[in-house]
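Numbered according to our numbering, the sequence shown spans residues 108 to 375.
Glycine included, each C-beta is placed from N, C-alpha and C at the ideal position.
None of these values were measured; they are calculated from a predicted model.
Data first, discussion second: the structure below is written as structure tokens.
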Amino acid sequence: MDKQFYQQIFESQKGVPAVPPNHVIAAWADALICLLFPERADCFPISIDEVHHKLELREKELKAIMELTDTCEQVSKKAGSFFRRLPELYRLLNTDIEAILSGDPAAKTRFEVIRAYPGFFAIAYYRIAHGLLSLQIPHLPRILTEHAHGITGIDIHPGATIGAYFCIDHGSGTVIGESTLIGAHVKIYQGVTLGALSVDKSLMDRKRHPTVEDGVVIYSNATILGGDTVIGSNSIVGGNVWLTRSIPPNSKVYHRPSIDLVEQEILE
Ligand SMILES: CC(=O)OC[C@H](N)C(=O)O
């Protein structure tokens with residue numbers, strides 16, 4: 108093979124930021140989730156002291172990951188802040204579990220939601236990633252939400268802001284863009300896109316994705332686009348709706364499909 112090609116590959120290594128492997132970063136988040144939610148764990152802490160000790164271990168692991176991550180500054184301070192905020196993250200995740208359990212007639216127990224629901228898995232990773240992003244920790248947030256995306260098919264950008272009691276049922280194909288704002292008690296189904304109306308690169312610092320106010324339900328495959336688009340509180344957006352403008356609170360928006368039914372002749 109052409110030696111220039113080898114040279115090109117070799118040169119491409121220069122300038123690549125140093126970041127621990129994705130599986131190490133995901134394993135840290137997974138261990139943290141298992142500690143917060145023993146329903147996902149294979150062994151439980153045997154005392155309160157051990158809970159304390161394991162949380163300190165997770166903090167040390169986060170620091171170690173951050174130290175090996177390029178452009179990660181103020182490692183101890185930021186890892187400390189993340190863990191000080193952990194009780195609030197835990198509180199929010201418990202509201203999400205409650206929302207899934209009370210919002211889905213098929214969900215029988217809290218255990219089932221925590222162990223088996225893709226919506227809970229994706230939200231847990233998102234809330235951790237969002238916490239890291241809000242401390243301006245580079246690289247790790249996107250790696251975490253992409254890990255959850257790979258497993259669940261639910262793509263939540265860590266920059267999105269999502270209130271308490273968030274329920275995603277089923278979820279495959281759901282996309283929640285970077286500047287999306289979601290209030291409390293919002294429920295969404297599979298295939299929902301909260302996306303940008305234009306993907307021009309010059310818009311990168313602008314709000315490109317919708318605002319969804321409290322109490323909204325968005326059914327499967329609805330597409331809601333644009334940074335100025337506001338879905339007013341307690342609205343219902345039906346399946347397959349395509350929406351690029353705001354709707355007032357308490358609206359119901361439905362897609363009216365046209366279906367032709369042709370009865371077949373039964374041949375004797
Ligand atoms: C979700 C979505 O609109 O994605 C498009 C593009 N990545 C952006 O963030 O603008």
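Of all the options His160, Glu118, Gly257 and Val319, which has the alpha carbon lying nearest to the alpha carbon of glycine 290?
-> Here residue 290 refers to the residue found at position 183 when the sequence shown is read from its first residue. Cα-wise, what sits closest to glycine 290 is Val319.
Let me know the secondary structure DSSP gives cysteine 274 once reduced to three states.
-> Locating residue 274 in the sequence shown gives position 167, where the first residue counts as 1. Note: cysteine 274 maps to strand in three-state DSSP.
Can you give me the Cβ contacts of leucine 208 inside the same chain, cut-off strictly under 7 angstroms, excluding the 5 residues immediately before and after it?
-> Locating residue 208 in the sequence shown gives position 101, where the first residue counts as 1. Only Ala214, Arg217 and Val220 meet the Cβ criterion.
Local conformation of aspartate 262 per DSSP, three classes = For this step, residue 262 is matched to residue 155 along the sequence shown. Strand at aspartate 262.
Starting from glycine 226, trace the beta strand (DSSP E) both ways and give me its first and last residue.
-> Sequence index remark: in the sequence shown, residue 226 carries index 119 (1-based). Not the beta strand (DSSP E): glycine 226 falls in the alpha helix (DSSP H), residues 225-240.
Exposed or buried, which one is cysteine 59 when buried takes at least 16 other CB atoms within 10 Å?
-> Outside the shown range of the chain (108 to 375) lies residue 59, about which nothing can therefore be said.
For the alpha helix (DSSP H) that contains isoleucine 155, what are its first and last residues?
-> Start at 1 with the first residue of the sequence shown, and residue 155 comes out as number 48. 155-174 is the extent of the alpha helix (DSSP H) around isoleucine 155.
Taking 6 angstroms as the cut-off, does the CB of valine 306 come closer than this to any heavy atom belonging to ligand 1?
-> In the sequence shown, counting from the first residue as 1, residue 306 sits at position 199. Valine 306 Cβ: within cutoff of ligand 1.
Glycine 270 beta carbon near ligand 1 (any heavy atom closer than 6 angstroms) = Working through the sequence shown from its first residue, we reach residue 270 at position 163. Glycine 270: no, Cβ never under 6 angstroms from ligand 1.
Figure out for me which residue from Phe151, Ala136 and Leu239 has the closest Cα to the Cα of glycine 187.
-> As a position in the sequence shown, residue 187 is number 80, starting the count at 1. Among Phe151, Ala136 and Leu239, the Cα nearest to that of glycine 187 is on Leu239.
Alpha carbon of aspartate 109 to alpha carbon of valine 123, nearest angstrom = Counting from one through the sequence shown, the residue named residue 109 turns up at place 2. Counting from one through the sequence shown, the residue named residue 123 turns up at place 16. About 23 angstroms.
Is it a yes or a no for the segment 303-312 touching the segment 269-281, going by three-plus beta-carbon pairs under 8 angstroms?
-> no
If you drop the 5 nearest sequence neighbours on each side, which residues of the same chain put their C-beta closer than 6 angstroms to that of threonine 176?
-> Taking the first residue of the sequence shown as position 1, residue 176 is located at position 69. Answer for threonine 176: Val126 and His246, listed in chain order.
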